[in-house]
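Peer 1: These protein sequences, in sequence, are chains A and B.
Numbered according to the working numbering, the first sequence spans residues 139 to 401.
Numbered according to the working numbering, the second sequence spans residues 281 to 618.
Submitted below is the structure of interest, expressed as structure tokens.
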Amino acid sequence: MKVLWIAGNTFRENIRDKVLYNLVTVAFLLVGGALLLGELSIGYEMKIIIDIGMASVSLTGVLIAVFIGISLVQKEIEKRTIYNIVSKPVSRHQFLLGKFLGLLFTLAVNVSLMVMAIFAALIYLNGRWDWSFLNILPATLLIFMELVLVTALSLFFSSFSTPVLSAVFTLSLWVAGHFNNDFLSFAKLSKSPVAEFTCRLLYYLLPNFSNFDSNAAPTAIQQAGYLQTPEPVVLLAAFAYGSLYTVLLLAAAAGIFERRDFK
Amino acid sequence: MLNLQEGAGECNQAMAAVIETIGLSKTYRTGFWKRKKGKALESLTLSVEEGEVFGFLGPNGAGKTTTLKLLMRIIRPTSGEASILGYSIGHPHVYSQVGYLPEQPYFYDYLTAEELLSYLGRLSGVPSKHLASRVTDLLKRAGLFEARSLQLRKFSKGMLQRIGLAQAVINDPKVLFLDEPFSGLDPIGRRELREMIQQLNRQGVTIFFSSHILSDLESLCNRYAILHQGRLLDSGKLEEALDRESQTIEVVAGGVRKEEALCLEDLVQDMTQIGDRVRFLVPREAGLTRIVETVERAGGKILTIHPVRPSLEEVFFRRIRVPSAAPSAISSAGMSGS
């Protein structure tokens with residue numbers, strides 16, 4: 139229960155944080171821009187709106203997950219608000235989990251609001267509601283799962299590193315993770331055993347963010363653009379992979395956090 | 281006047297160690313490769329008994345805040361052990377029964393006073409059905425009820441200190457840890473805090489606090505410890521220490537004039553005529569018999585004899601071997617926390 143109180147307070151903090159509002163504003167501007175762009179692309183208006191809208195959901199979500207994620211714990215340590223929490227009957231892993239869930243809840247609200255904005259844009263174009271619009275939801279869930287993993291990465295790095303380095307590490311892994319399948323292709327093509335081993339190691343070690351988009355063929359995001367849904371097995375595999383990786387990252391972060399001194 | 285706790289019984293007379301540290305040490309590693317070692321606290325062994333007000337003294341960098349942070353598990357000890365209420369620190373049972381006010385407390389500035397107390401009350405394990413009334417009660421007692429909907433970023437330092445105290449006692453603690461609680465408070469705030477500490481102690485709460493204002497500490501604590509450069513220099517009962525440190529005896533005689541006692545000049549430190557009385561200040565080792573005889577021979581009589589006790593400030597400076605009159609980084613009025 140204490141985890142939920144901490145999560146609730148983190149959500150409240152995020153909502154009262156102006157950075158979040160700015161990011162949401164940027165996202166709404168992007169969707170607005172997509173509407174204008176849609177007007178210029180005859181016959182593909184809805185696809186362009188969905189594509190740009192989903193890209194906005196993903197991009198703003200990642201920015202929130204990284205930049206708020208890295209300061210989730212750091213801010214509490216720097217401002218010494220953590221003194222008032224660890225001196226209460228709350229364990230450090232409860233605190234960490236609460237902060238994580240609080241940011242996830244913020245992201246869920248953010249993603250939901252943006253999806254509603256996309257629906258509004260689609261209704262505007264289509265002239266009425268169509269149940270096929272809901273076919274963008276599986277792709278949205280995949281984006282959310284990706285955001286869960288990015289948040290876990292931010293929290294993991296911020297449990298032992300500075301905020302700037304944590305942001306660099308997380309964003310680097312997010313970018314590298316989207317090209318993760320290329321490591322496997324390099325390993326197969328490589329003639330050097332050392333290079334092959336290194337590429338395979340990186341493939342298995344780094345978070346594979348392509349699971350949440352380009353790994354599915356045809357991709358979930360592309361399908362969403364045509365208002366089609368991906369196979370359930372693609373969704374399940376991505377969720378299983380994302381959940382397992384997130385649990386491992388949180389366990390490692392909790393282990394480091396448990397031994398840390400708050401000066 | 282603040283009155284932040286009720287319902288507790290009168291001070292329990294049965295003495296038992298409520299806080300105990302054995303060889304508690306903290307070493308920080310610094311530098312890029314973490315090779316440099318800095319000892320913040322060296323083998324601290326002390327115990328605080330139930331119902332005491334324990335004062336923790338020391339100049340900057342003495343290790344006072346480090347000790348409190350170790351007890352509150354904000355930092356981890358390098359070696360040694362510590363227990364609170366019979367449980368080893370870190371045991372989940374401990375922290376539902378203690379309260380803590382950090383030095384210069386900082387709270388979530390986006391929360392209102394009411395939201396902060398509700399949040400920290402829930403984390404402290406205050407049952408939901410009692411929480412709202414407890415929060416309202418504390419806000420009233422802390423004089424912050426009118427400001428309950430104000431965000432903490434708009435609070436003055438004194439108001440923050442009061443909300444800090446309110447959150448520290450929200451769970452009706454058995455032991456209260458206060459780190460430099462008088463820091464930055466005006467005289468009215470200091471008096472209110474003194475009264476609050478005394479009241480909590482009368483209700484049975486054991487209080488462990490550090491302060492840079494020695495006069496406040498002297499008026500409050502039963503026992504004290506002096507820490508210097510991470511080492512415990514002295515600890516014990518304040519009354520006993522002040523008696524022990526007493527080096528002068530004051531003798532007041534009536535019915536005698538200063539001129540009649542001039543033969544005692546070689547024996548006394550100071551002699552003052554006050555009306556029909558003479559006040560002698562005599563070194564402790566000097567014989568009192570000659571003074572008594574001389575006074576009686578002159579037809580006077582001894583009215584009072586009592587040791588002149590030093591202040592806690594004098595004891596403190598003697599312990600850390602810094603002359604109290606000398607200009608120093610340490611001053612009785614302005615030491616900041618370690």
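Each residue gets a CB set at the ideal place from its N, CA and C atoms; glycine is no exception.
Going straight from the alpha carbon of Leu418/B to that of Ala446/B, what length do you get?
Peer 2: Approximately 6 Å between the Cα atoms of the pair.
Peer 1: Would you say the beta carbon of Leu303/A comes nearer than 8 Å to a heavy atom of the ligand SAH?
Peer 2: The ligand SAH is not among the ligands present in this structure, which contains no ligands whatsoever.
Peer 1: Does the beta carbon of Phe335/A come closer than 9 Å to any beta carbon on chain B?
Peer 2: Output row for Phe335/A: interface = no.
Peer 1: Given Ile585/B, which residues of its chain have a CB within under 6 Å of its CB, disregarding the five upstream and five downstream residues?
Peer 2: Val531
Peer 1: Taking only beta-carbon atoms, is Arg414/B less than 9 Å away from chain A?
Peer 2: no
Peer 1: Where Arg402/B and Val333/B are concerned, what is the direct C-alpha to C-alpha distance, given to the nearest angstrom?
Peer 2: 28 Å
Peer 1: Short of 7 Å in beta carbon distance, which residues of its chain neighbour Val548/B, apart from the five on each side in sequence? Order them along the chain.
Peer 2: Phe560, Leu561, Val562
Peer 1: Run down chain B in chain order and give the residues with a C-beta less than 9 Å from the C-beta of Phe400/A.
Peer 2: Lys349, Ile354, Ile355
Peer 1: Measure the alpha-carbon distance for Leu235/A versus Ile281/A and round it to whole angstroms.
Peer 2: 21 Å
Peer 1: Residues of chain A with a CB under 7 Å from the CB of Gln447/B: which are they?
Peer 2: Neighbours of Gln447/B in chain A, taken as residues at a C-beta separation under 7 Å, are given in chain order as Asn222.
Peer 1: Find the residues of chain B that neighbour Thr219/A, judging by a C-beta separation of less than 8 Å, and give them in chain order.
Peer 2: Tyr386, Phe387, Tyr388
Peer 1: Going straight from the alpha carbon of Ala354/A to that of Val385/A, what length do you get?
Peer 2: At Ala354/A the pLDDT is 45, less than 50, meaning the model places this residue with poor confidence; the figure from the coordinates comes in the next sentence. The straight-line gap from Cα to Cα measures roughly 23 Å.
Peer 1: Spell out the partners DSSP gives Met551/B in its beta bridges.
Peer 2: Met551/B pairs with Phe560/B.
Peer 1: Beta-carbon within less than 6 Å of Leu348/B's beta-carbon, same chain only, minus the 5 sequence neighbours each way: which residues are those?
Peer 2: Answer for Leu348/B: Phe457, Asp459, listed in chain order.
Peer 1: List the whole-angstrom C-beta distance separating Pro385/B from Leu465/B, where the pair is believed to meet the contact cut-off of C-beta under 8 Å.
Peer 2: Cβ-Cβ separation between Pro385/B and Leu465/B: approximately 12 Å, too far for a contact (criterion under 8 Å).
Peer 1: Could you give the residue range of the beta strand (DSSP E) that holds Leu365/B?
Peer 2: Premise fails: Leu365/B is in no beta strand (DSSP E) and is neither H nor E.
Peer 1: Please identify the residue among Glu539/B, Pro382/B, Leu432/B whose C-alpha is closest to the C-alpha of Glu395/B.
Peer 2: Leu432/B
Peer 1: So with Cβ pairs under 9 Å, would you call Gly405/B a contact of chain A?
Peer 2: yes
Peer 1: Whose C-alpha, out of Thr219/A, Arg218/A, Ser225/A, Glu216/A, is nearest the C-alpha of Arg353/B?
Peer 2: Per the Cα distances, Ser225/A.
Peer 1: If you draw a straight line from the C-alpha of Ala203/A to the C-alpha of Gly146/A, how long is it?
Peer 2: 17 Å
Peer 1: Checking contacts by CB at 9 Å: is Ala354/A closer than that to chain B?
Peer 2: In this prediction, Ala354/A has a pLDDT of 45, which is less than 50 and means its spatial position is unreliable; nothing more can be read from the coordinates.
Peer 1: So, is the C-beta of Asn147/A closer than 9 Å to a C-beta in chain B?
Peer 2: yes
Peer 1: Three Cβ pairs or more, each shorter than 8 Å: is that satisfied between the segment 206-221 of chain A and the segment 239-249 of chain A?
Peer 2: A contact exists between the segment 206-221 of chain A and the segment 239-249 of chain A.
Peer 1: Would Pro357/B and His508/B be called neighbours here (beta carbons separated by less than 9 Å)?
Peer 2: no
Peer 1: To the nearest angstrom, how far is it from the Cα of Ser352/A to the Cα of Thr289/A?
Peer 2: Note that Ser352/A scores 44 on pLDDT, short of 50, meaning its location in the model is unreliable and no value can be drawn from it.
Peer 1: Which residues does DSSP list as the beta-bridge partners of Tyr388/B?
Peer 2: According to DSSP, Tyr388/B bridges with nothing at all.
Peer 1: Once the 5 residues before and after Arg474/B are set aside, which same chain residues still bring their CB inside 7 Å of it?
Peer 2: Asp496, Ser499, Leu500
Peer 1: Between the alpha carbons of Lys217/A and Tyr388/B, how many angstroms are there, rounded?
Peer 2: 9 Å
Peer 1: Which runs of the alpha helix (DSSP H) at least 4 residues long sit entirely within the segment 301-366 of chain B? Give them in chain order.
Peer 2: Unbroken alpha helix (DSSP H) runs of no fewer than 4 residues, entirely contained in the segment 301-366 of chain B, are found at 344-351, following chain order.
Peer 1: If you draw a straight line from the alpha carbon of Val374/B to that of Arg397/A, how long is it in whole angstroms?
Peer 2: Between Val374/B and Arg397/A, the alpha-carbon positions lie close to 19 Å from each other.
Peer 1: Closer than 8 Å, Cβ to any Cβ of chain B: which residues of the segment 227-253 of chain A, in chain order?
Peer 2: Residues of the segment 227-253 of chain A with a Cβ closer than 8 Å to any Cβ of chain B, in chain order: Pro227, Val228, Ser229.
Peer 1: If we ignore side chains and look at the alpha-carbon of each, how far apart do Ala412/B and Gly484/B end up?
Peer 2: 25 Å
Peer 1: Can you say whether Met254/A is buried or exposed, counting buried as having 16 or more other CB atoms within 10 angstroms of its CB?
Peer 2: exposed
Peer 1: In the DSSP assignment, find the unbroken alpha helix (DSSP H) run with Arg402/B in it and report its ends.
Peer 2: From DSSP, the alpha helix (DSSP H) with Arg402/B extends over 393-404.
Peer 1: Note down, in chain order, each residue of its chain lying with its Cβ closer than 7 Å to the Cβ of Tyr341/A, except the 5 sequence neighbours on either side.
Peer 2: Listed in chain order, the non-local C-beta contacts of Tyr341/A below 7 Å within the same chain comprise Asn318, Phe321, Leu322, Ala325, local neighbours out to five positions each way being set aside.
Peer 1: Counting pairs of beta carbons, one from the segment 363-381 of chain B and one from the segment 532-540 of chain B, are three or more of them closer than 8 Å?
Peer 2: no
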